[in-house]
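**Student:** Quick one: structure below, then a few questions.
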Amino acid sequence: MLIVTLLLMVWSSMVRTHELPVQYPPCFFNPLCTCSKAIPDLGIVSCYNVPMPRIPQPINSSKVFMLQLENNGLTFLQPQFLINTGLYKLQIKHNPLADIPDEAFLGLERSLWELELPYNRLFKIPNKSFRHLQKLRLLDLTGNKISNIAPENWRGLEDSLQILRLGRNAIEKLPADAFAGLSSLEILDLRENTLKEIDASVFRDGMAKLTHLYLNDNQLVYIPYAQLSSLKRMKVLDLSYNRISKMLHPLQEPELRGVQMSLDILRLDYNQIATLMPTDFQHFYKVNKTYLNGNPLAVIESGAFRDSRIKELYFSDCNLIDVNSADFSGLETSLELLDLSGNNITNLQNHIFQEFDFLRTLIFRDNRIDTFSPVEVFNGFQYSLYNLDLSGKENTVISLQDLRQMRNLRFLSISRMPEPTLVPENFLEFGMDIKELHIIQSNLNTIKNHAFTHVRGIKYLDFSENSISNIEDDAFSEVGNSLLTLRISHGLSSTITEIPNKPFKSLTNLQHLDFSNNKIKSMPDTSFHFLKRIKRIELQDNEIDAIPKGTFQGDIHSMLEEVNFAYNQIKSIQTHTFVDLLSLTTINLEDNAIKRIERRAFMNMNRLKYIDLRGNKINDITDEAFQNLPDLEFLDLAYNELNEFDLTSFDQVGTLSSFKVNVSHNQIPKLWINSTTFTPPTTIGGNVQANIKVLDLSYNNISDIMKYYFKPVEYSLSHLYMSHNQLTNVTQGIFGNMPHLQWLDLSHNDLIEVDFDCFRNTRNLQVLFLSWNDIVDIPAEALRPLKKLRIVDLSHNKLRTLPDNMFTDAIIESLDLSHNQFMRLPVKTMSISAALSLSILDMSWNTLSGIHTTDAIFRLRGLTWLDLSYNRLVRLDDGVFSDLPYLSHLDLSHNKQLILETRGRTFHGLEDTLFYLGLSNISLLSVPELPLTRLQTLYLAHNELASIPAEMASNLTSLHYLDLSYNDLTVVPLITHTLPELKTFNLANNPITAITNTSFLGVADSLEELDIRWLSLSTFEAGALCKATKLRRLYITAYTGLKNFNFPNILEYNHGLRDLLIDVENETDLQKEMKGKFPFKLYNITLTGKALKVINSDILRGIRNPHLHFGLYNTSVSSVPKEMFINAEWVRNITIDLHHTDTRTLHNPSSGHKPGLPRKQFLMKLRLAGTYLNCDCDIGWIEMWQRKHRQYQEDRCNSYGEFNNFEREEGDEFNCWDNGWDDDIRETFCMNKNNMSLSNVLKTEIECGWSTGSYIDSSNLLICLLFLIIRMILN
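For the sequence shown, the residue numbers in mature numbering (1 follows the signal peptide of the UniProt record, and there is no 0) are -17 to -1, 1 to 1258.
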């Protein structure tokens, strides 16, 4: 299973290969890793998604500047293993590391500057391991499971540590002097923990150099002024996403006299502040930027900002109804920017803010301003205002001429204009400094000649979300030299079917042109011939049926870098469509209707790196279609209709790169050689050599591969993916001569035979997947020549045994033999030396009857992970695992006849190493003695345990995960009172009758995840979970039989709860159970259970988080109502995941046309793969949602925010969406359309939903009304 997980991780990154980090050459010790230099100094070593249970030995024999290990399945660090490397930076990320040995970094005392260990499974700070690192300046422990810190954790780092990241852990309290002595610390990140307060003594030593403090997304209820006042150099303070309701509390006042802080950035976004009282900011003397976005702020009382100096104030997405100058008194001499976007402001007073002499930027976007006089309101800003945003559909009509008095305006954004025509007179008397103009969501339909005569310096024009039907030829003539960006995305009337290229003739300096998401059907071949400096052209989501030859010309478009024609209706790519474009790096033609690619369609482009042809109908790629593309890195041909694939077409492609080709999800029945283009077999291939390094042929119908088919890529291929095909054998003529092949995936085929010489000259193979086949036998000679083989997956076959000494010289690290028919451990399959290297062995789902000392298990001394579950084990010899000194994971579950004596010595020898033990479903009546002081995870599910002895806890002091589900417990066991580190507790499906206010007191301080589904409850006291303030995830049944059972009441004090997974056993629509307000941090609501048939539209009304993830799994819900999402008034961003459910209709959950709109929701991610829908107009909205998704994707990703403390993190599904959602729609099916892919149905059959556009002509509306009247009369 571990290997399968690794495979999925690698596949998910490979399918979008252009997103991978910069590639260096392969490392000598493992070509799956990259090294920036050759031996003896390897430079930067990166091993992303490379299965690696241990760090390779050769690394310690070389000098290494930087070592990056991510998604490797790394479970163990050998002590002193990096002693000779001289590392400057070490990053170990997303690995199942639970412990760091004390001597792990020995030898790096004077070289290691940066140590990054994020997103592993560390439960404590491994302070002894880095105590002697004299130069360590950065320590990153983000995303682990750390709950406690202490001052001694940083001993030895006092003079060196500058950056400490402890975010996304479970730290509830900072002890006194928690960071004492860290005199050089500049950045401290404590975001997304469970901090409720900050002890007064935490920062009492002043921390003289601390400038950045991140306390966002905790449970703070007040601003800790006194505690922070000693941090004299602090510049950035982030307190967003806490529970702060007031800026000042009366009880704080006596201790705050004289306290004043000066900051560069103060973030208080998405707290619970409803009112700003007088003098609320008295303790912030000077703040450059203050953010209060997303608070329920309705009132700003006069004097709130008295005695403070703030330059920029942000109140976006609050509840303000009215503002006036008095609200901001005290800021007259400091305020430079005021953002009031997304409120409910209806009126602007005359002469507002005129006392604010330094105000340069005003943002009123997306309010409800219905009456105001721009001339009077902005009369005092004639020379001072630089940026003004009045855009928004609900703001009033604004005449450009009413803004002319602001002579120094540089940025202007409006929506509604009194006239639909843009003419020169609109800008009469405007200043010449205006550089950026947005007229969006307007009624604009005409841009007249010389419209910008009076504003000749404009660099950026955005006319998106309009219905422009006419752009006159000389519309842009006066801005031809200045304009750099022109955007009219979803801004053209449907009457414009040809790209309006004549106005382009003057835009000789334009660099970015965006006409995406319109109804353009054609374009002349001269459309872009005047755009000599163009770098980027976006025409995706139109109806263009052809790209005429000559549209792009090398001598004209020498600076062109990116073209995007995705989601059009292009039928073919003609000869010389893309030729001699020397700066072009990206061509996106995804999801068109392309059937044929002509000869030399892509030719002579030295910098081209990425061609996306995914999701077309390609069935013919002519010879030499791709010519002289030396730097091409990725060609995506997945999801097409190819029935053959000719490798010789790529002989002049990717010669200077690591060329990757994805041909998965096509219709190729066999791989064969075209006899008309090849010489006889003796010289087959001739001199034709393709340069493909990674080739993906998975998910086709390949049943036969002709001998010598791979000859053109024999010497280039390093990765070959052929899973999910219909291959029946593995022969030497196909796979036997690939000297550089390192990764071969033949899983999910119909393999029966593996020839003895099938890999004769493929001697560098490291990773081999043969799982999910019908293999009965593997000859010893087949794998014996593979001396570099490390990862082998033979699971899900019909193997009974493996030959002796099949692995003699290979250094096998991971061997998966699960789901076969083995009766004994295949220890003798490996030589003694080979067996010593084995770290992971999966023998689950076999027929093993016993593990005995006579099985020579001692030869597997290197094992760290052993899975023996789902076998027929009856007994285990005492101390049978004692010769496995590194074993940390042992699973014996689901061996129903296994006998473990209560005081037996089965686990003798594992006392100091075992972290994980699975003893589920082995018919236990009592818990055996487990003297395992380092054990962290214990599974005892599916047994017959009626009680758990409390004394058992004395030997399990490190236990963090305990699964007691499916037993015979009638009460919550008292053992929980003596397990102080328990974080995850599963009690599901026990005959427990009562959950009381004292049931979980013992674990309340540590519990983060609790499962109490399917209990036999007659009592559930409302305060049962009130002390579990660290609880983040709760699995619970809707106990409808209990009187007044209500989730908000039960969860009232669980302020840290983020995930609520509800199982429904009895019929209910959940209205009663979900009525009320949920904790502010709760964002994930997932519903399961076949008894759930209808969902009440009010169930999400109590969600108070701006982010919502809604999931349905294994339910009988046929339709998900739109009103359910509309009623979630606090929600802005939504993700939806439906799988293994009976849902046939999903109504549009979005109420806004783009992300980030106030009072509006927008769907960020949709997961439907494997779902069968009724594809009619009820789901037709998905097509337009996809268009909007793409239209605003870049804006959303690029505006992630300057304020975030570092790069976008994994799993953050709301700030920027992933690129896999389009494939998810391809894997969703229409049951009323012969199970066609939803993606294809949306393209061809469903013409409804949003796709009718944002604006409807009055004539069209009249026709619709007449039609309805006639229909009513006839009926």
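Glycine residues also receive a C-beta, built at the ideal position from the N, C-alpha and C atoms. Remember, it's a predicted structure, so these values are computed and weren't measured experimentally.
#1: Are there 16 or more other CB atoms within 10 angstroms of the CB of Cys18, so buried, or fewer, so exposed?
#2: For Pro914 and Ala929, I'd like the C-alpha separation in whole angstroms.
#3: Does the Cβ-Cβ distance between Pro1031 and Lys1060 come in under 8 Å?
#4: Quick check: what's the CA-CA separation for Gly69 versus Glu884?
#5: Short of 8 Å in beta carbon distance, which residues of its chain neighbour Ala933, apart from the five on each side in sequence? Order them along the chain.
#6: In the structure shown, what three-state DSSP assignment does Phe983 receive?
#7: Quick check: Glu319 and Arg343, are their CB atoms within less than 8 Å of each other?
#8: From what residue to what residue does the alpha helix (DSSP H) around Thr1227 run?
#9: Smallest Cα separation from Gly377: which of Ser367, Glu408, Ser425, Met935?
#10: If you scan the stretch 529 to 562 from start to end, which runs of the alpha helix (DSSP H) of 4 or more residues do you find wholly inside it?
#11: Would you mind stating whether Leu577 and Leu596 have Cβ atoms separated by less than 8 Å?
#12: In the DSSP output, which residue or residues are listed as bridge partners for Asn1067?
#13: With a floor of 3 residues, list each beta strand (DSSP E) that falls wholly inside the stretch 58 to 112, ordered by position along the chain.
#14: By how many angstroms is the C-alpha of Ala153 removed from the C-alpha of Arg1150?
#15: Residues in the same chain with beta-carbon distance under 8 Å from Ala209, minus the five sequence neighbours each way, listed in chain order, please.
#16: Could you tell me the alpha carbon to alpha carbon distance between Val759 and Phe805, rounded to whole angstroms?
#17: Could you name the residues of the same chain whose beta carbon sits closer than 6 Å to that of Asn1181, not counting the 5 residues immediately before and after it, in chain order?
#18: Tell me, please, whether the stretch 1081 to 1101 touches the stretch 331 to 342 by the rule of three or more beta-carbon pairs shorter than 8 Å.
#19: Could you give the uninterrupted runs of the beta strand (DSSP E) lying entirely in the stretch 1114 to 1151, keeping only those of 3 residues or more?
#20: According to DSSP, simplified to helix, strand and coil, what is Gln610?
#21: First and last residue of the beta strand (DSSP E) that includes Ile794?
#22: How far does the alpha helix (DSSP H) with Gly716 in it reach, from first residue to last?
#23: Give the straight-line distance between the Cα atoms of Pro261 and Phe288, rounded to the nearest whole angstrom.
#24: Just curious, the beta strand (DSSP E) that Val644 is in, first and last residue?
#25: Could you give the DSSP three-state label for Phe267: helix, strand or coil?
#26: Is it buried or exposed, Asp497, if we count other Cβ atoms within 10 angstroms and call 16 or more buried?
#27: In angstroms with no decimal places, state the Cα-to-Cα distance between Val677 and Leu867.
#28: Could you tell me whether the Cβ atoms of Phe446 and Ile422 are closer together than 8 Å?
#29: Which residues does DSSP list as the beta-bridge partners of Ala977?
#30: Need the endpoints of the alpha helix (DSSP H) that Thr1057 sits in, please.
#31: Decide if Phe1197 is buried, meaning its Cβ has at least 16 other Cβ atoms within 10 Å, or exposed.
#32: Applying the 10 Å Cβ sphere with the 16-neighbour rule, what's the burial state of Thr812?
#33: Does the Cβ-Cβ distance between Met850 and Thr889 come in under 8 Å?
#34: Could you tell me how far apart the beta carbons of Phe267 and Leu280 are, in whole angstroms, since I believe they sit closer than 8 Å?
#35: Quick check on the DSSP output: the beta strand (DSSP E) that includes Leu945 runs from which residue to which?
#36: Please report how far the alpha carbon of Phe341 lies from the alpha carbon of Gly277, in whole angstroms.
**Tutor:** On the basis of the coordinates in this document:
#1: buried
#2: 21 Å
#3: yes
#4: 50 Å
#5: Pro956, Leu957, Ile958, His960, Thr961
#6: coil
#7: yes
#8: 1221 to 1227
#9: Before going on, a small fix: residue 377 reads as Glu here, not Gly. The candidate whose alpha carbon is nearest that of Glu377 is Ser425.
#10: none
#11: The sequence as given places Ile at residue 577; Leu does not occur at that position. Yes, the pair counts as a contact, with Cβ atoms nearer than the cut-off.
#12: Asp1042, His1092
#13: 72 to 76, 97 to 99
#14: 29 Å
#15: Ala183, Gln235, Glu238, Leu239, Val242
#16: 11 Å
#17: Here Asn1181 scores only 44 on pLDDT, less than 50, and its place in the model is too uncertain to base an answer on.
#18: no
#19: 1116 to 1122, 1145 to 1150
#20: strand
#21: Careful: Ile794 lies outside any beta strand (DSSP E) and carries neither H nor E.
#22: 715 to 718
#23: 7 Å
#24: 642 to 645
#25: strand
#26: buried
#27: 38 Å
#28: yes
#29: Thr1002
#30: Reading the sequence as shown, one finds Met at residue 1057 and not Thr. Taken as a continuous stretch (DSSP letters only), the alpha helix (DSSP H) holding Met1057 covers 1054 to 1057.
#31: Any reading at Phe1197 needs caution, since the residue's pLDDT is 42, under 50, leaving its predicted position unreliable; the model's value is listed next. Label assigned to Phe1197: buried.
#32: buried
#33: Per the sequence presented here, residue 850 reads as Asp, with Met not at that position. Not in contact: Asp850 and Thr889 (Cβ atoms no closer than 8 Å).
#34: About 16 Å; that fails the 8 Å criterion.
#35: 944 to 946
#36: 26 Å
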